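Number 131 in the UniProt record's numbering belongs to position 131 of the sequence shown; there are no gaps in the numbering.
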Amino acid sequence: MEKNKILVVEDESELLVLYDEMLHDDYKVLTSGTGKDAIEIFDRESPRIVIMDIKLPDMSGIEVTKYIKDKSPDTIVIAVSAYGDRLKEALDVGASTLVQKPFIYKELYTLLKDLTHPIDATAETKTVMNIEGSNFIPSSLTRTAFDAVIENMGEGSLKILLKRTGLERYIGNLPPQDESPSITREEYTKLIQNVFYIFGEKGARPILYICGKAGFKHSLEDNPALFGVAGVAMKLMSEEKKKKFILSKVLKRLEEIFGNPHILEEDENNLYVKLPVCPYCKGLTSTKPICYTPIGFYEEVLKWATGKPEKVEQIQCKAMGHENCVFQISK
1 MEKNKILVVE DESELLVLYD EMLHDDYKVL TSGTGKDAIE IFDRESPRIV IMDIKLPDMS
61 GIEVTKYIKD KSPDTIVIAV SAYGDRLKEA LDVGASTLVQ KPFIYKELYT LLKDLTHPID
121 ATAETKTVMN IEGSNFIPSS LTRTAFDAVI ENMGEGSLKI LLKRTGLERY IGNLPPQDES
181 PSITREEYTK LIQNVFYIFG EKGARPILYI CGKAGFKHSL EDNPALFGVA GVAMKLMSEE
241 KKKKFILSKV LKRLEEIFGN PHILEEDENN LYVKLPVCPY CKGLTSTKPI CYTPIGFYEE
301 VLKWATGKPE KVEQIQCKAM GHENCVFQIS K
């Protein structure tokens with residue numbers, strides 16, 4: 001069986017060697033160090049996949065990506081850059097997915113396998129892979145939390161929150177609304193704890209609920225491929241199947257972000273999301289459920305899937321002493 005051709009466009013010769021070592025067993029590897037040479041090789045060899053570094057010595061990788069996608073829309077282009085803002089430009093001209101440097105080659109290899117596997121109702125394309133460090137929360141989620149504090153409590157309150165959480169670096173320098181790495185998981189949990197400590201449960205509730213709702217809206221913008229595939233797959237599904245399908249996809253992504261299990265269960269009447277480890281109430285105690293961020297997030301997910309408002313109820317909370325945080329959704 002003839003191997004798929006893959007063109008690697010990278011101006012650092014050491015990286016080209018690493019790419020070749022990683023890929024040559026499964027692909028016919030073509031390499032180029034310039035944009036001009038990449039175009040010539042593409043026209044001659046018609047590779048199925050292109051790994052495109054955005055920063056090249058003679059022309060922008062974005063220009064090369066546009067050329068390739070205009071000529072061959074089905075070609076898979078993986079844009080690679082150390083600069084998150086440039087990656088967004090690559091997506092605009094047709095890049096299939098994005099990888100931010102530095103990254104782990106094993107994870108890139110897994111991504112290649114996912115992209116070249118036939119797409120079915122359970123397949124998905126990761127639009128942005130932040131593999132600079134799996135312990136980091138995407139900037140869009142962090143920014144959404146900061147914006148929710150400003151909206152409800154003002155910029156002065158955000159400054160107090162940032163100082164107490166040890167995030168002074170963000171005072172007057174808010175993170176971008178993209179998938180680049182920002183704060184660690186531990187810092188995110190501490191941020192939520194301090195929202196409760198500073199503003200109380202009454203003040204924390206609208207902040208965190210809005211944070212969840214806005215978080216999904218930004219996920220839609222940041223992951224068009226994932227939700228595009230999901231939207232097509234759900235068109236002929238029943239409402240119950242739509243809910244189960246989209247929740248399974250979203251929970252998988254949340255597991256990747258937060259590093260904790262997100263378990264989907266069901267009985268005759270309801271679906272349940274179970275969190276054995278919960279970043280939203282860790283270290284807190286309460287007499288009632290207080291995980292408002294996932295409630296807002298799941299409600300927006302389900303509204304997008306079904307086209308109507310959906311109610312999500314937290315029926316167990318670790319802050320109350322329960323073994324798990326559990327969220328109930330009517331089928």
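Glycine residues also receive a C-beta, built at the ideal position from the N, C-alpha and C atoms. Quantities reported herein were computed from a predicted structural model and do not represent experimental measurements.
Query - For Ser-330 and Lys-311, the rounded distance between their alpha carbons - result: Their Cα atoms are separated by approximately 8 Å.
Report task. For the alpha helix (DSSP H) holding Lys-303, just list the boundary residues, first then last. Result -> Residue range 292 to 306 is occupied by the alpha helix (DSSP H) that includes Lys-303.
Query - Check whether Ala-212 and Thr-293 have beta carbons under 7 Å apart - result: Correcting the residue type first, residue 212 is Gly in the shown sequence and not Ala. Yes; because the gap between Cβ atoms is below 7 Å, this pair is in contact.
Query - First and last residue of the uninterrupted beta strand (DSSP E) at Asp-53 - result: Note, Asp-53: beta strand (DSSP E), 49 to 53.
Query raised in the report: Could you give the uninterrupted runs of the alpha helix (DSSP H) lying entirely in the stretch 192 to 278, keeping only those of 4 residues or more?
Result: DSSP runs (the alpha helix (DSSP H)) wholly in the stretch 192 to 278: 224 to 234, 239 to 258.
Requested in this report: Could you tell me the distance, in whole angstroms, from the CA atom of Phe-258 to the CA atom of Lys-242?
Outcome: Looking at the backbone, the Cα of Phe-258 and that of Lys-242 are separated by about 24 Å.
Report task. Would you check if the distance between the CB atom of Gly-296 and the CB atom of Tyr-188 is smaller than 7 Å? Result -> In this structure, Tyr-188 does not lie closer than 7 Å to Gly-296 by Cβ.
Report task. State the CB to CB distance for the pair Leu-251 and Leu-271, rounded to an integer number of angstroms; the pair is presumed to be in contact (CB under 8 Å). Result -> Contact doesn't hold; Cβ gap of about 11 Å is too wide.
Query raised in the report: Just how far apart, CA to CA, sit Thr-287 and Lys-217?
Result: Cα to Cα, Thr-287 sits roughly 31 Å from Lys-217.
Report task. Rounded to whole angstroms, what's the CA-CA distance from Lys-202 to Phe-196? Just pull it up for me. Result -> Each residue's alpha carbon lies about 9 Å from the other.
Query raised in the report: If you draw a straight line from the C-alpha of Glu-240 to the C-alpha of Glu-265, how long is it?
Result: About 13 Å.
Query raised in the report: Measuring CA to CA, which of Gln-177, Leu-23, Asp-178, Ile-198 is closest to Val-149?
Result: Distance from the Cα of Val-149 is smallest, within the candidate group Gln-177, Leu-23, Asp-178, Ile-198, for Ile-198.
Requested in this report: Check each candidate in Leu-302, Cys-325, Pro-309, Ala-305 and name the one with the smallest Cα separation from Asn-260.
Outcome: For Asn-260, the nearest C-alpha among the options comes from Cys-325.
Report task. In the DSSP assignment, find the alpha helix (DSSP H) that holds Ser-32 and state where it starts and stops. Result -> Looking at the DSSP string, Ser-32 is not in any alpha helix (DSSP H); the run it does join, the beta strand (DSSP E), is 27 to 32.
Requested in this report: Go through its chain and collect everything with a Cβ distance to Tyr-67's Cβ below 7 Å, but skip five positions before and after it.
Outcome: Once the five neighbours on either side are set aside, the close Cβ partners of Tyr-67 are Ile-39.
Query raised in the report: Would you report the Cα separation of Pro-309 and Glu-299, rounded to the nearest angstrom?
Result: Whole-angstrom Cα-Cα distance: 7 Å.
Report task. Decide yes or no for the touch test of the stretch 41 to 60 against the stretch 5 to 16: beta carbon pairs closer than 8 Å, at least 3 of them. Result -> Contact between the stretch 41 to 60 and the stretch 5 to 16 is present, because at least three Cβ pairs lie under 8 Å.
Requested in this report: Identify whether Ala-79 lies in helix, strand or coil by the three-state DSSP scheme.
Outcome: Strand.
Query raised in the report: When we look at the beta-carbon of Ile-315 and count the other beta-carbons within 10 Å, is it buried (16 or more) or exposed?
Result: Per the 10 Å Cβ criterion, exposed.
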